[in-house]
Structures are given as structure tokens and as C-alpha cells.
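Participant: Here's a structure for you.
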Amino acid sequence: MKIAFVTTNYPRWKNDNRAPFIHGLAQTLKQKGCNVRVVTMHNPGSKQYEIIDGIEIIRLRYAWNKAETLQSTPAGIPIEWKKNFRSKILLAVFFFHLLIRLPRLLRGVDVVHAHWTLSGLAVRLSKVFHGIPYVLTVHGSDIYQANGPLLTKINRFSLVGASHIMCVGSDLANEVTKLGLDSSKIKVISMGVNTERFSVLPLCARKNQILYVGSLIKRKAVDTLLIAFSQIPSIEYELLIVGDGPERENLLLLNDSFPGSHRVHFLGTVAPEKVIELNSYSKVFVLPSIEEGLGVVLLEALSAGTPCIASRVGGIPDAIDESVGRLVEPNCPQQIARALMELLSDGQLWQECSLAARKRAEDTFDWQVIATKTLQIYKAALQTFKHEF
């Protein structure tokens, strides 16, 4: 089967940390015999055409090198869109380039898999020329941050044209259903993780460190984590903040206002291999988001057998419960602090959560499991398409 991914976000080069989960799906589909082509956005420093791990990647330019700023931060388009009018113009230019080039770039493809509703919009509008069925994965920000009637209508138009809609979490699926779509074509299929890349270390081999990985943006609520960490009495533990974003300076200032601020380390953006290492050596992973489709970083922590503390929002409860860590209310540092002290002070509880975390990752979120489900969606889309004609 020949598949084309159309996505606004994709690794800019090999081993990049931008949307590695989409490349992970492409790799696993390749292993299962599919031919995968990716059409995505060009970034400064990336190639317009290359093959990585057997995946053909075509990156569309939309401006001269220094002006290609839509992916200038790890938070991506949702943050850039809000910055200024210039960003909106650049996004319109990219969309136009994508729209006019898709018919040629999709030749010979059996099924198109669009990621995020903006890509789905381009695929649907150009379908009159390419005539290929498409499925659409929504990841969270494209639905949760679609404020206003215009964006809601655009999202619905993108979704209605898809043969099937894949949502990375059950809460996201509920939000999509509210748009008045046929619930029979909405499926909850998350992104996945290659569990074989993660080692599960025993408690005695772990370092006294707590880990956060993600963009430094408001909806990730890293400030809540900093407040919670300042309430932990032990001076033995360190907090590692991996990621970057527009909230970095504010978070540094907040952290400096707390005693023991030297125990918090802002590591910035690190390579995926380093994230794997940090997960394996950390005792607890924390994701304090106030909005989240699911959180692939949680799946990585589960794969390392690292107990997780995360907010009870979005699709997070699909992955995290009391057996693998603790769920807390959003914007509640006291609950995060209590959960941290509970997991860090009870070795037996930690061990039980660690074993359950790894098992959940293998049974539910491993790429082999996710890719098999995705292939079934592709086949159903082709079957539906044949019946229509």
C-alpha cells in the first residue's frame, strides 16, 4: 500500500525532536510493507527532498530561508499564529503552496493520511484534482484551540471530508463528535512509542531526579510544577526541565524566587536519545498540562517504567491512572507535591507502578500495536472509497 502523510510538523532532519511520533508511525508502516511519502513544511537548515529511514520526505518552501519562521519554536504553528499578522501571512503562503502542489505530489498514492486539520483542509480542497481518499488525525491543539465560529467551521469542513477520523485521545474524540460528525467514523488511535528503545532500570539504579519534557508554553503549566517542587522538603532531589519555548524567561524568574532554585535545571532542547536516557534514570515523570490531546512524552515515560504524575485533562486519563502513577487536578501544585512525596517515599508503590507502566506501554501504545490499527483504518477507507464509486 502506498501512503502519503500530509503534515505541517515533521522532524527537520534525522533524529530531530520535532514531531518524532509521526516519523515513528511512518517507520513502522514501512516495516509492515507500506511505501510512505511525507509532504510537509520546510524549515531553515532542512533539505527540500531526502529519504530518512526509507521514508521519502518532501518539504515545501514558503519563503526565503530566514523568513521561514512558522516552526521557529518547538510549540509550532499555534504559537506562531498568535504572534503577529506576518505569521498569518506566512501561513497563508504555505497553505497556498501546499494546495497547488498536492495533486502532483499525491500521484500513485492509495491513501492520504493528514495530520492536524490544516493539512486536512488542504487535502480536501485539492481532492477534486487528486481523487484519493484521506483519513485525518487530530492531535489536540487543532481542536482545543479552534476558538471562534470561523475556525470551528474550517475544522468541520476538513473533518467531514475524511473517510475516517483518528483522535489521539477519547476526550478529543468527544470534542470532535460535538461538531456534529458521524460518530461511526471517529476512532481513538493514539500516537505510539518504540518500547524496545527504552530500558527499565530498578529503583536502586535511578537518580534522585524528577523529569518534565515538553514545550515551555502556558498550556503546559510548568509554573505549577515549579511551585509544587518548591514545596517538597527534601533537598536530595533535582528537577530537570527539558524543552524550550516562549515561557522560558518567565519560568526562570519564577524559579529564582524559590529557595532551593539551584535544584532545578533547565536543559533546553535535547536529542531524542538523551530524552530516553533521562526517562530511564528519573524516578518520576510529571506532565502538569491544562490542555493535552494525550502527550507522547507520557508514553515514553511509561516505556521506561517511570511512574507518571499528570493532570486529569484531555486524553491523559487514557494513559495514566493510579496503577502507573497519579492523576491530579490541573493548576493544583499541592496535589502534585503530595503525589511526588507519595511515590518517592514508598519503594513498594514505586515498583508496582513501574512494572504496570512498562506493561501498559507494551500492550497499548507500542508502535506495532498502533500501526496495525492504523492499517485497518486505511483498508477501511479504501473499501469505503470503492463502494462510493
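Residue numbering for the sequence shown follows our numbering, starting at -19 and increasing by one per position.
Glycine included, every Cβ here is placed at the ideal spot set by N, Cα and C.
All values reported here derive from a predicted model rather than from experimental measurement.
For asparagine 135, report the span of its alpha helix (DSSP H) as first-last.
Facilitator: 129 to 140
Participant: In its own chain, which residues sit with a C-beta less than 8 Å from the C-beta of alanine 319, not counting the 5 before and 5 after it?
Facilitator: Beyond the five residues adjoining it in sequence on each side, alanine 319 comes within less than 8 Å, by CB distance, of Ile289, Gly305, Arg306, Val308 in the same chain, given in chain order.
Participant: Sort Leu5, Asp326, Ile123 by Cα distance to histidine 93 and report the nearest one.
Facilitator: Leu5
Participant: Helix, strand or coil for serine 210, going by three-state DSSP, please let me know.
Facilitator: helix
Participant: Taking 7 Å as the limit between beta carbons, can you name the residues of its chain near leucine 234, skipping five residues before and five after?
Facilitator: Excluding positions up to five away in sequence, the list reads Asp203, Leu206.
Participant: Going by CA-CA distance only, name the one from Thr344, Ile166, Ile37, Pro268 that's closest to proline 313.
Facilitator: Pro268
Participant: Would you decide whether tyrosine 379 is buried or exposed? Buried here means 16 or more other CB atoms lie within 10 Å of its CB.
Facilitator: Limits of the chain in this structure are -19 at one end and 369 at the other, which puts residue 379 out of reach.
Participant: Is it the case that the Cβ atoms of leucine 219 and phenylalanine 209 are separated by a distance below 9 Å?
Facilitator: yes
Participant: Going by DSSP in three states, valine 148 sits in which element: helix, strand or coil?
Facilitator: coil
Participant: When DSSP labels each residue in this structure, what does glycine 295 get in the three-state scheme?
Facilitator: Annotated three-state conformation of glycine 295 is coil, per DSSP.
Participant: Since alanine 251 and asparagine -5 are thought to touch, with beta carbons under 8 Å apart, how far apart are those beta carbons, to the nearest angstrom?
Facilitator: 6 Å
Participant: Can you tell me the Cα-Cα spacing of serine 26 and histidine 3, whole angstroms?
Facilitator: 15 Å
Participant: Whole angstroms is fine: what's the gap from alanine 336's alpha carbon to glutamate 257's?
Facilitator: 20 Å
Participant: Return yes when the Cβ of methionine 171 is within less than 9 Å of the Cβ of valine 156, no when it is not.
Facilitator: no
Participant: Does the stretch 315 to 333 touch the stretch 172 to 180, meaning 3 or more C-beta pairs lie closer than 8 Å?
Facilitator: no
Participant: Could you pull the DSSP bridge partners for phenylalanine 265 from this structure?
Facilitator: Leu191, Cys288
Participant: Measure from the alpha carbon of lysine -18 to the alpha carbon of each residue in Pro113, Phe1, Ala126, Thr286, then state which is nearest.
Facilitator: Pro113
Participant: Give me the Cβ distance between glycine 141 and arginine 104, rounded to the nearest whole Å; I'm assuming they're in contact under 8 Å.
Facilitator: 4 Å
Participant: Which runs of the beta strand (DSSP E) fall wholly inside the stretch 5 to 33 and span at least 3 residues, in chain order?
Facilitator: 15 to 21, 29 to 32
Participant: Please go through the same chain and pick out, in chain order, the residues whose beta-carbon is closer than 7 Å to the beta-carbon of glycine 88, but skip the five residues on each side of it.
Facilitator: So the list reads Lys(-18), once near-sequence residues are dropped.
Participant: Whole angstroms are fine: how far does the CA of threonine -12 sit from the CA of leucine 98?
Facilitator: 8 Å
Participant: Identify every residue that forms a DSSP beta bridge with arginine 39.
Facilitator: Per DSSP, the beta bridge partners of arginine 39 are Thr20.
Participant: Would you be able to state if there are at least three C-beta pairs under 8 Å between the stretch 235 to 246 and the stretch 274 to 286?
Facilitator: No, because fewer than three Cβ pairs between the stretch 274 to 286 and the stretch 235 to 246 fall closer than 8 Å, the two stretches do not touch.
Participant: What's the call for phenylalanine -15, buried or exposed, on a 16-neighbour Cβ count within 10 Å?
Facilitator: Phenylalanine -15 comes out buried.
Participant: Determine the closest residue to glutamine 7 out of Ile350, Gln363, Gln356, Leu362, with distance taken between C-alpha atoms.
Facilitator: Ile350
Participant: According to DSSP, is aspartate 326 part of a helix, a strand, or is it coil?
Facilitator: In the structure shown, aspartate 326 sits in coil (DSSP, three-state: anything other than H, G, I, E or B).
Participant: Less than 9 Å between the beta carbons of leucine 78 and valine 19, yes or no?
Facilitator: yes
Participant: Just to confirm the assignment: which complete alpha helix (DSSP H) runs, minimum length 4, are found wholly within the stretch 84 to 126?
Facilitator: 97 to 110, 121 to 124
Participant: Please classify cysteine 184: is it buried, with 16 or more other beta-carbons within 10 angstroms of its beta-carbon, or exposed?
Facilitator: exposed
Participant: Does any residue of chain D have a CB that is nearer than 9 Å to the CB of leucine 159?
Facilitator: The structure shown contains no chain D, having only a single protein chain.
Participant: Using the beta-carbon count (16 or more within 10 Å), is threonine 352 buried or exposed?
Facilitator: exposed
Participant: Quick check on DSSP: helix, strand or coil for glutamate 218?
Facilitator: Looking at glutamate 218 - three-state DSSP - the assignment turns out to be strand.
Participant: Quick one, which of Arg338, Thr53, Ser291 has its alpha-carbon nearest leucine 274's?
Facilitator: Ser291
Participant: Among the residues of its own chain, which have a CB less than 6 Å from the CB of phenylalanine 265, if the five just before and after it don't count?
Facilitator: Leu191, Ala281, Thr286, Cys288
Participant: Cutting at 6 Å between CB atoms, please list the residues of its own chain near isoleucine 357, excluding the five before and the five after it.
Facilitator: Val115, His144
Participant: Please name the residue or residues paired with arginine 306 in a DSSP beta bridge.
Facilitator: Per DSSP, Ile289.
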